[in-house]
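Below is one structure, written out as structure tokens; the observations come after it.
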Amino acid sequence: MVTTPEIAIDQVSKQFRGGSLALDNVSLTVEKGEFVSLLGPSGCGKSTLLRLVSGLTPATQGTITVNGIEPANARELMSFIFQDATLLPWRTVEQNVGLGLELEGVARPVLEKSVNAMLSLVGLENLAQRYPRHLSGGMKMRVSIARALVSRPRILLLDEPFAALDEMSRDRLNEELLRLYAEQHWTVLFVTHSVAEAVFLSSRIVVLAPHPGRVAHVVPIDLPWPRTADTRLSDAFDEQVTHVSRLLRSVQAAAPEAR
Amino acid sequence: MKRHLWFALNSLIVLGVLLLIWQSGVWLGVPPYMLPGPLVVGEAVVNRFPSLIRSLWLTSEAAALGLGASIVVGVAIALAFAQWRWLRCLLFPYTILLQTVPIVAIAPLVLMWAGNGLLSVALVAFIICLPPIIANTTQGLISVEENFLHLFLMHKATPVQVLLHLRLPHALPHLFTGIRISAGISVIGAITGELFAGSSRVGEGGLGYSILYASGQLETDYLFALVLAASALGFCFFFATMFLEWYLLHDWHEANRSDIPE
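Protein chains in written order, with the numbering used here: chain W, 1 to 259; chain E, 1001 to 1262.
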């Protein structure tokens, strides 16, 4: 039996209206349940690739399928988490988490039940009535994650979600994300520029080269699961981080100067 | 609480000093038809209280009508501007033109078209109030961050949902900035209108009309009272809208924090 890959990117190029080539002939397949990180220097088109998969922008060339269909038609399978928490400031935590379900017309009692369950899953039940401006950066991101998960997505797309946070909040949220991943088995495409974060989270890392963006290396990460805070202290973790860092540096050194 | 009292006390001291400077002009021998002292003006306020209140009422009625209409029409125009870019590019320069045309120059025209009375006065206030509402609300409607739009699109939101749940609430603080600006100038617009429209009711007039009348009769003390009443009215309009803004937005909007700034 041939299974459809969860995300299939086939010889995809993306040219912006200004003429610059953001992605050049990128091919990548993500299987169900994989946690794949896109890693690379700025200008490698990693965020662009994520947006193409989400169906928010079309590819210039090549095809992308999500669960075998066009990304724009597969949006209900996916949730997108942005770099900033993008919470609506006029809505409470609870109302922000329920936003997606509300837009999709889910009945009020069902909505409330799902939102409450999700809030307790990410430990936010005490903040349900707060407005975003009362929350710290880490808390806002937690709300953003809850909002993405409440619609029970099969695929999670994350665009440098923890880049603006301090290291301790980031580590804690990474661990939490893996805990939820173990429970809910999504397929994840995760954009980051942090090697340590990518190694800690991923089952596979895709290193992209810049100008134009293309796949340079694919590195499977075979650290044992479940990964916890202790994983970061292991020698195997250090080795992987060193290995990936070298690859990243070689990609940067080989790249032509940014225009 | 202590800081509140301190501010109130300071304001009172400033008021006292100002009154003292004013009164010293009288002591120095400036004739009362040029500069009536604070006591004389106070006397005029007390003696002519009913007609002063009547004038205040007529002017605030016209100003409120003009302001209210400008909010309704301004938001409608801003919605159209936000929806159709070409319309915005085409017409936006003219809303600025509306703002730069001196209101005293328009008022006689309005009077010619709409005749003597409340309608003319309210129309002049409306015209002067409209541009800030349009400009600020349009800005609020179109300045929504791209990621928020993406978020809504990922959930397949309809254009109506984007408008109701994203653009309109996002524009609300901007709308209130516009209303706050317009509230202060609505009174100026109404008074300007009354200078030309005379009375908005037969046999009695608003502040603008009474100011003209008092200056014609050389009733300088009453003129002073009217000027003070006019600025107090603008002040009230301004604070009423500011309070409304605070009441509606302080839960979530950064600029409307409930605590007192340092």
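For each residue, glycine too, the CB sits at the ideal point set by N, CA and C.
Since the structure is predicted, the reported quantities are computational estimates derived from the model, not experimental observations.
- Think of a sphere of 7 Å around the beta carbon of LEU1153/E: the chain W residues whose beta carbon falls inside it are LEU56, in chain order.
- Assignment of GLN15/W by DSSP, reduced to helix, strand and coil, places it in the strand class.
- Contacts with chain E (Cβ-Cβ distance below 9 Å) from the region 87-119 of chain W involve LEU88, PRO89, TRP90, ARG91, THR92, LEU99, GLY100, LEU101, GLU102, LEU103, GLU104, listed in chain order.
- Counting every other CB atom within 10 Å of its CB across the protein chains shown gives ALA85/W a total of 16 or more, marking it as buried.
- The beta carbon of GLN1139/E sits closer than 7 Å to the beta carbons of HIS1174 from its chain, once the five residues preceding and following it are set aside; these are given in chain order.
- Chain-order list of chain E residues neighbouring TYR131/W: ASP1251, TRP1252, by C-beta distance under 8 Å.
- Under the three-pair Cβ rule at 8 Å, the region 51-63 of chain W does not count as touching the region 94-103 of chain W.
- Within 7 Å of the CB of ALA1082/E, no CB atom of chain W is found; the nearest one sits about 18 Å away.
- Every beta strand (DSSP E) of 3 residues or more that sits fully in the region 183-253 of chain W is shown, in chain order, as 187-192, 204-209, 214-220.
- Using a Cβ-Cβ cut-off of 7 Å, ARG75/W is close to MET1154, LYS1156 of chain E, given in chain order.
- In the DSSP secondary-structure assignment, THR29/W is bridged to ALA8/W.
- Burial check for ASP235/W: the Cβ neighbour count within 10 Å stays below 16, so the residue is exposed.
- In the DSSP assignment, LEU1166/E falls outside any alpha helix (DSSP H), carrying neither H nor E.
- Within the same chain, Cβ atoms closer than 8 Å to the Cβ of ILE1191/E are found at THR1059, GLY1206, LEU1207, GLY1208, ILE1211, ALA1230, the five residues on either side in sequence being excluded.
- For PHE80/W, the nearest beta carbon of chain E is closer than 8 Å to its own beta carbon.
- For TRP225/W, same chain residues with a beta-carbon under 8 Å away, outside a window of 5 residues either side, are ALA182 in chain order.
- Distance check between TRP1113/E and each of GLU1254/E, PHE1196/E, THR1241/E, PRO1169/E places PHE1196/E closest, using alpha-carbon atoms only.
- Bridge pairing for ILE69/W: VAL66/W [DSSP].
- If you ignore the 5 residues before and after THR63/W, its C-beta comes within less than 6 Å of the C-beta of ASP10, all in its own chain and listed in chain order.
- Annotated three-state conformation of ALA1157/E is coil, per DSSP.
- Residue-level contact check: GLN1217/E does not touch chain W, since none of the beta carbons of chain W fall below 8 Å from its beta carbon.
- ASN1136/E is the residue among HIS1170/E, LEU1218/E, PHE1152/E, ASN1136/E whose C-alpha sits nearest the C-alpha of PHE1092/E.
- Using a Cβ-Cβ cut-off of 9 Å, ASP84/W is close to GLU1145, ASN1147 of chain E, given in chain order.
- Nearest CB-CB separation between HIS1150/E and chain W: below the 8 Å threshold.
- Your pair THR192/W and SER37/W checks out as a contact, with CB atoms roughly 6 Å apart and the cut at 8 Å.
- Contact check between the region 141-155 of chain W and the region 71-79 of chain W: three or more CB pairs, one atom from each, fall below 8 Å, which counts as touching.
- In this structure, the beta-carbon distance from ILE1103/E to VAL1124/E falls below 8 Å.
- Along the length of the region 1013-1066 of chain E, whole alpha helix (DSSP H) runs at least 4 residues long occupy 1038-1047, reported in chain order.
- In the DSSP secondary-structure assignment, GLN61/W is bridged to SER13/W.
- Per the C-alpha coordinates, the member of LEU165/W, PRO210/W, GLY105/W, ASP166/W positioned closest to ALA1157/E is GLY105/W.
- Not a single C-beta of chain W is nearer than 8 Å to the C-beta of GLN1023/E.
- For PRO1169/E, the chain W residues whose Cβ falls inside 8 Å of its Cβ are LEU88, TRP90, in order along the chain.
- Annotated three-state conformation of PHE162/W is coil, per DSSP.
- Each residue's CA atom was taken as its position, placing VAL218/W and LEU165/W some 27 Å apart.
- For GLN1099/E, none of the residues of chain W pass the 9 Å Cβ criterion, the least Cβ distance being about 29 Å.
- Shown here, ASP1251/E sits in coil according to DSSP, grouped into three states, outside any helix or strand.
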